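Protein chains in written order, with the working numbering: chain A, 3 to 109; chain B, 68 to 185.
We treat Cβ as the ideally placed atom computed from N, Cα and C, and that holds for glycine.
Just so it is clear, the structure is predicted and the values come from calculations on it, not from any experiment.
Down below is the structure, laid out as structure tokens.
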């Protein structure tokens, strides 16, 4: 089966750091993606991990542990515009999405 | 930056009618996808398309659905006889290809077509 879990909602303060966790159980694994989705808009690609470790891209970093079926997305220096849903997606054979974590950034 | 474009942005259709959703993938991408997202729910995979044929499809993609690449630029999703539960946002996506037919490249999404079935 395929199961991707992430928290439903998180709140963080502008300028702070937030970590969004994702755990997955899939029959296959060909990489893990993080997408950002603002309400009513398309998902936009943030990061991709296929090997264990940390990938850094500006204010965003993503970590993967394949043995633990675990990933996190780290957002630094939070800005109000970072308020969005963050989708964890695993490429099993198709891309399987989690339900997303709705992040609210408050002043 | 090149982008995936979808038309129309919003489609309202009577139940039982046929609907065609259109997409123009990024020009050098060879792998194409359709997803749907029912309001408030997660993004769900429908179908992927490579080398002029379906490479994968989900249980949602039943006989009422079909895809086509009618020319060198367009990629369409047809729903033959729409049902109320087909109301959703439909996203087209495309990606580059690495290796032999399997893409681990990120998928780039269009802005979606909001399909409303009355």
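- By DSSP, does residue 82 (chain A) sit in helix, in strand, or in coil? helix
Fill in: CB contact below 7 angstroms: residue 86 (chain A) versus chain B
no
| Are any of the Cβ atoms in chain A nearer than 7 angstroms to that of residue 135 (chain B)? | no
- [ ] Check whether the stretch 150-160 of chain B touches the stretch 91-109 of chain B, taking contact to mean three or more Cβ pairs, one atom from each stretch, closer than 8 angstroms.
- [x] yes
Examine the Cβ distances between the stretch 104-118 of chain B and the stretch 86-99 of chain A and report whether three or more of them are shorter than 8 angstroms.
yes
Count the CB pairs spanning the stretch 37-57 of chain A and the stretch 78-98 of chain B that are closer than 8 angstroms, and state whether there are at least three. no
Opening and closing residue of the beta strand (DSSP E) in which residue 69 (chain A) lies | Looking at the DSSP string, residue 69 (chain A) is not in any beta strand (DSSP E), and its letter there is neither H nor E.
Under 7 angstroms between C-beta atoms of residue 28 (chain A) and residue 8 (chain A)
no
**Prompt:** Mind listing which residues of the stretch 118-130 of chain B have their C-beta closer than 8 angstroms to chain A's C-betas, in chain order?
**Reply:** 123, 125
_Just verifying my parser: in three-state terms, what is the DSSP assignment at residue 151 (chain B)?_
helix
Does the Cβ of residue 149 (chain B) have 16 or more other Cβ atoms within 10 Å, making it buried, or fewer, making it exposed? buried
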